[in-house]
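Residue numbers (UniProt numbering), protein chains in the order written: chain B, 1 to 618; chain C, 1 to 618.
Idealized CB from N, CA, C, for every residue including glycine.
Everything below concerns the one structure shown next.
Number of protein chains: 2
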Amino acid sequence: MTGQNVSQAVHIGELGDQLRVDAIRCSAASGSGHPTSSMSAADLMATLFTRHLRYDFDDPSNPHNDHLIFSKGHASPLLYALYKAAGAITDEELLSFRTLGSRMEGHPTPRLPWVDVATGSLGQGLPFGVGIALAGKLLDRLPYRVWVLCGDSELAEGSIWEACEHAGYEKLANLVAIVDVNRLGQRGPTRHGWDTGAYARRMQAFDWNTIEIDGHDIDQIDSAYAAAAASDRPTAILARTTKGAGVEAVADREEQHGKPLADADDAIDELGGVRNVRIDVRPPANETEPYQFGEPSPLRLSEYKVGDSVATRNAFGEALAALGAARPDVVGLDAEVGDSTRMQKFADAHPERFFQCYIAEQQMIAAAVGMGVRGWTPYAATFAAFLTRAYDFVRMAAVSGAELRLVGSHAGVAIGQDGPSQMGLEDLAAFRAVHRSVVLYPCDANQTAALVAAMADYPGIAYLRTSRGDTPVIYGPGEEFSIAGSRVLRSSAQDDVTIIAAGVTVHEALTAADQLGQDGISARVIDLYSVKPVDAQTVRDAARDTGRIVTVEDHWPQGGVGDAVLDVFAQGAEGPMPQVLKLAVHGMPASATPEEQLRTAGIDHQAVTEAVRSLLRR
Amino acid sequence: MTGQNVSQAVHIGELGDQLRVDAIRCSAASGSGHPTSSMSAADLMATLFTRHLRYDFDDPSNPHNDHLIFSKGHASPLLYALYKAAGAITDEELLSFRTLGSRMEGHPTPRLPWVDVATGSLGQGLPFGVGIALAGKLLDRLPYRVWVLCGDSELAEGSIWEACEHAGYEKLANLVAIVDVNRLGQRGPTRHGWDTGAYARRMQAFDWNTIEIDGHDIDQIDSAYAAAAASDRPTAILARTTKGAGVEAVADREEQHGKPLADADDAIDELGGVRNVRIDVRPPANETEPYQFGEPSPLRLSEYKVGDSVATRNAFGEALAALGAARPDVVGLDAEVGDSTRMQKFADAHPERFFQCYIAEQQMIAAAVGMGVRGWTPYAATFAAFLTRAYDFVRMAAVSGAELRLVGSHAGVAIGQDGPSQMGLEDLAAFRAVHRSVVLYPCDANQTAALVAAMADYPGIAYLRTSRGDTPVIYGPGEEFSIAGSRVLRSSAQDDVTIIAAGVTVHEALTAADQLGQDGISARVIDLYSVKPVDAQTVRDAARDTGRIVTVEDHWPQGGVGDAVLDVFAQGAEGPMPQVLKLAVHGMPASATPEEQLRTAGIDHQAVTEAVRSLLRR
């Protein structure tokens, strides 16, 4: 049957069995994987690929392609079996499943050119899909569709309901969630079992179109996809399926999750043996070009006068508005705190490229990732503290290799009265521990503006930390600041000690250096605005020249500026290690003025001078 | 009117105005705060305190007390005004709002004995309330009620829908969400404005009882509370309110969020001036004692034979089941991966104290915190990678000073084929950066069992990291392991170098030490199973004795074991710093066998021997 064009035939059921067989085969070859979770969705996907998906496998970057996301990423054997049936990969590559060096990873990642986003942390695929669908409707303005295969278990994740709320409210008719209701989770029955009505009621309440079907009835599946295409709202197809469908030994059985079939050969026989049915997936009709918001123009950042006082969050908002004017690919996302983060300045300047995600940080990050899939350049901002809400999404964005610019405002105890719930005190640690991330923490307005622009082209996840209160402008307009840079603000040939700071503590360090200077102690001061990567050479030079380093940061003692400095000396540095003293926030803060907070936390200029003196006494 | 018993009178409206006045007064005194968000909910709370709340302010630990959570924590001025009206605090303390040292923090925390949980990160109060309500229904088996005041904006958070799903499914009739639908968020109108029906439809779909009312009509409020008490399901009271109600200059106006009133004196006059109405909140009727699951008994941990191979996740499950037998206060929570984390062993042994939260990690953590409020000893487990999903909840649990035991399985690249989405590679960094946390990472089964027991009484957040694959048992049964400890596994007077490892890399370190020994290189090996706090003395001794340290960990390079070791030398250590070389995971892993993963990541025994040799060549 090699090469038979099933898209013209009715043998979709046969293709479904081939997909099952291939899922069983590759899982058996690897000795691991999720064949039963693949088998339940095989007919759903066979019908989609044969009759409804519009995709050019020879040109994955075609802007008119539909998008398919396996939110249940553990069904990767099914996805790879589909790729094989579509002629995108060979049977040999399929059977390299889960082996070293193979693109056939345990859960799909964009190492495969047809995969938009990495999945495997459940409840994320639909939110990412909402992002792509938003891009399709409101940015690209193209009619591509976004198909998301969800598991039933993952509908327990709150992020799914953030996605449902956003998609329902925006009437994303280009979005279809295909829910594989196979009733069995990792360790037994799901909460709602085969009650597809329970899910339908919930999604209808969020203004979705819902269709309940038998997920193994090709005609019902086909009709549901057609109805979804005709809907003016997002559609959820709630498909009752059987986990392990087609093989009696595993069908609808507990304790068959996430393991190869015990008797793969018998199962393959039961399914009719190995086939080689090919699907000719129909490519999209080429239509209009993606929409563009005008032409690029030179960047004109706001300029701040040295000696003025300006909050870095203000400089961020103004810089992003300016960047949006210069670059029509820049978009902004807010989680209903734009008035505080100053994302509102971008919203006011570029309302068509601004997305209000309301208080749903996970969906905000997912939407940004989804827009990035389509080549847009998203900046997403909320309080640094509340980005912790979306940490798993950031983690998975890194697995995707996504390009993402995140801005966390209200960093540290310096926010003052609002108290610890609003203080970002772990954000440096969290973002430094993201693969290939960049972490930037400016201390003045011109530096902030320069870094907002520098982030735009970073090919990974770039995080900018901003401050609530005004800080003195110490750098002139137009000074250049690059990722991995630093600034030596005080320096002499006779420096006794080095103070390394970033953000608000730079100003404390400068005051301390002045005070120490009056006592004849010469302190070098480094503004380590790039917390990751660190300007290791400047730190090493300081260690060599002064032998003593005090670090000071508005952050918990773990994982921030101090640890970034120490790490320099664990990376193969030659010569003696310096004496290092780390100042950071140790106690749980409460309410107080910003000045009281810095003093109480032991990270103000007085704490710095005392630390320097204690280090010099050793 | 001092001391008038409003609970008998009908002057609830007058009390509402007093609460508004006091919210305005304390915000004016501090120059910050959220009076308008307090004013919208004043009548709702005045009615609750006067007629429905059962609470003994003189005995906050009374097990029969109702629980009141301000999920909209920024309405703290209202909460404190209520405390004043109830006679729990003085007017003077009220007016210390948001000042250094005051208990009247910007957002409520359990520094106040009547506050169960810290709020201020929106969307968390209801999930915490679900935890307390679960405790009331299924653990304590007492009729106390849980009242949660929510904002409308926060209903966009996915965590709210995780809470609704859990509460609806469990038919938590003891839970009432009072939603203050004032239609204005931080930066403008909310998504659904005053459409209380939009919220009602959604919550009904999640099987809640819903009641839509005018939130300023005392009779409607009163009837709604009465109806909630009679419901056999959780109830949401969706109250249409006016932000800034009672003061025309701010009522229902945008740009009045989170700031004191411009003219407080006029506003207070408009509201009828300062009053001193007292509420006699009715204490609970004393009823039966909280339920107990039997009597404590001696702990009998499983014993593992040295030389056997056992996965630490298995040892965790068995130890927790044993701990549950010894301690009737221990409860277990799962996010539908109990089969993998081995929480299932606890579930099988103690089904009445086991809570299946399905794939909703935020709600799982929140439920654990809520049960902890009532004195239960919760252990919650999922994959280490998926605990990132609940990082904001862990952060806020630390602000609450909660006692919480978290277990993250499937740590690091050592899991093998499943790939990066399932690998916890940032968990050490994330959990080390939690205030007062403890981070434990055992390498063998007996050590795991001992640490599971040691965690039980830690008065803060204790995190245990477990591994998927089998590891050799190297410690005898009954060996003692304590928080802040370590084990020196190889040591001599002539050690040339120290290798510091934890978890799976301990075994790599031992193999490396053996290989090095054959070449006449003597390596000390430290099992740093307590990653926070670190056994600083043992690390310092090693630095003094050997001068060279190699750290090796199955984690990103940031924030883990290596940084914990470096930090020892930044905390006022005397003497020369050692040479340190950190081995950790640098590249993004894909699928491979566990052995291939360790080798590819450069953290296996061969990488350790090479690192030692390179350090010795310096």
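Using 9 Å as the limit for Cβ to Cβ distance, is residue i near chain C?
| i | result |
| --- | --- |
| alanine 430 of chain B | yes |
| arginine 617 of chain B | no |
| alanine 592 of chain B | yes |
| glycine 476 of chain B | no |
| serine 37 of chain B | no |
| arginine 282 of chain B | no |
| arginine 233 of chain B | no |
| valine 148 of chain B | no |
| tyrosine 391 of chain B | yes |
| threonine 190 of chain B | yes |
Leaving out five residues before and five after residue i in sequence, what residues of the same chain have Cβ atoms less than 8 Å from its Cβ?
| i | result |
| --- | --- |
| glycine 193 of chain C | Arg183 |
| glutamate 248 of chain B | Glu270 |
| glycine 534 of chain C | What sits at residue 534 of chain C in the sequence shown is valine, not glycine. Result list for valine 534 of chain C: Ala484, Ser486, Leu528, Ala564, Val565, Asp567, Val568, in chain order. |
| glycine 294 of chain B | Pro328 |
Compare the Cα-Cα distances from residue i to each of the options and report the closest residue.
| i | options | result |
| --- | --- | --- |
| threonine 235 of chain C | C:Ala205, C:Arg54, C:Ala249 | C:Ala205 |
| arginine 240 of chain B | B:Arg342, B:Gly33, B:His216 | B:His216 |
| arginine 145 of chain B | B:Tyr55, B:Gly520, B:Glu352, B:Asp214 | B:Tyr55 |
| aspartate 541 of chain B | B:Asp266, B:Leu510, B:Ser492 | B:Ser492 |
| alanine 200 of chain B | B:Asp180, B:Ile218, B:Ile499, B:Gln186 | B:Asp180 |
| glutamate 426 of chain C | C:Asp418, C:Gln417, C:Ala411, C:Arg436 | C:Ala411 |
| arginine 524 of chain C | C:Lys532, C:Phe316, C:Ile500, C:Val531 | C:Ile500 |
| leucine 510 of chain C | C:Ile526, C:Val130, C:Tyr458 | C:Ile526 |
| lysine 582 of chain C | C:Ser591, C:Pro589, C:Thr388, C:Ser614 | C:Ser614 |
Exposed or buried, what is residue i when buried is set at 16 or more other beta-carbons lying within 10 Å of its beta-carbon?
| i | result |
| --- | --- |
| aspartate 17 of chain C | buried |
| threonine 90 of chain B | exposed |
| glycine 478 of chain B | exposed |
| glutamate 154 of chain C | buried |
| histidine 586 of chain C | exposed |
| alanine 31 of chain C | Note on residue identity: the sequence assigns glycine, not alanine, to residue 31 of chain C. So glycine 31 of chain C counts as exposed. |
| glycine 197 of chain C | exposed |
| threonine 288 of chain B | exposed |
| arginine 618 of chain C | exposed |
| methionine 203 of chain B | buried |
| tyrosine 291 of chain C | exposed |
Cutting at 6 Å between CB atoms, please list the residues of its own chain near residue i, excluding the five before and the five after it.
| i | result |
| --- | --- |
| proline 442 of chain B | Thr312, Thr448, Leu451, Tyr529 |
| isoleucine 178 of chain B | Leu44, Leu149, Ile237 |
| alanine 81 of chain B | Leu19, Asp22, Ala23 |
| proline 113 of chain C | Pro60 |
Output yes if chain B places a C-beta closer than 9 Å to the C-beta of residue i; else output no.
| i | result |
| --- | --- |
| alanine 433 of chain C | yes |
| tryptophan 161 of chain C | yes |
| proline 143 of chain C | no |
| valine 10 of chain C | The predicted model places valine 10 of chain C with a pLDDT of 47, which falls under 50 and marks its position as unreliable, so this point remains unresolved. |
| glycine 3 of chain C | Any reading at glycine 3 of chain C is ruled out, since the residue's pLDDT is 41, under 50, leaving its predicted position unreliable. |
Within the same chain, show all residues whose beta-carbon is closer than 7 Å to that of residue i, passing over the 5 residues directly before and after it, in chain order.
| i | result |
| --- | --- |
| proline 378 of chain C | Val331, Leu333, Ala368, Met371, Gly372, Leu404, Arg405 |
| leucine 15 of chain C | Val6, Ala46, Thr50, Ala85, Val277, Ile279 |
| aspartate 604 of chain B | Glu508, Leu598 |
| histidine 52 of chain B | Tyr225 |
Residues in the stretch 100-126 of chain C with C-beta within 8 Å of chain D's C-beta atoms, listed in sequence order?
-> This model lacks chain D altogether; the protein chains it does include are B and C.
* To do: State whether the stretch 157-168 of chain C contacts the stretch 395-415 of chain C, with contact taken as three or more CB pairs (one from each stretch) at a distance under 8 Å.
  => Between the stretch 157-168 of chain C and the stretch 395-415 of chain C there are fewer than three inter-stretch CB-CB distances shorter than 8 Å, so the stretches are not counted as touching.
- Task: Spell out a yes or no on whether the stretch 326-342 of chain B and the stretch 353-360 of chain B are touching, meaning 3 or more CB-CB pairs, one atom from each, closer than 8 Å.
- Result: Touching, per the Cβ criterion.
* Any contact of the stretch 563-572 of chain B with the stretch 593-603 of chain B, i.e. 3+ C-beta pairs under 8 Å? -> Not touching, per the Cβ criterion.
Meets three-Cβ-pair contact criterion under 8 Å: the stretch 35-52 of chain C and the stretch 68-85 of chain C = Yes, the stretch 35-52 of chain C touches the stretch 68-85 of chain C.
*Tell me, please, whether the stretch 218-225 of chain C touches the stretch 277-284 of chain C by the rule of three or more beta-carbon pairs shorter than 8 Å.*
Under the 8 Å Cβ criterion, the stretch 218-225 of chain C does not count as touching the stretch 277-284 of chain C, having fewer than three qualifying pairs.
Is the stretch 414-421 of chain C close to the stretch 454-465 of chain C, with three or more CB pairs under 8 Å? No contact exists between the stretch 414-421 of chain C and the stretch 454-465 of chain C.
*Do the stretch 385-404 of chain C and the stretch 475-489 of chain C make contact, defined as three or more Cβ pairs closer than 8 Å?*
No, the stretch 385-404 of chain C does not touch the stretch 475-489 of chain C.
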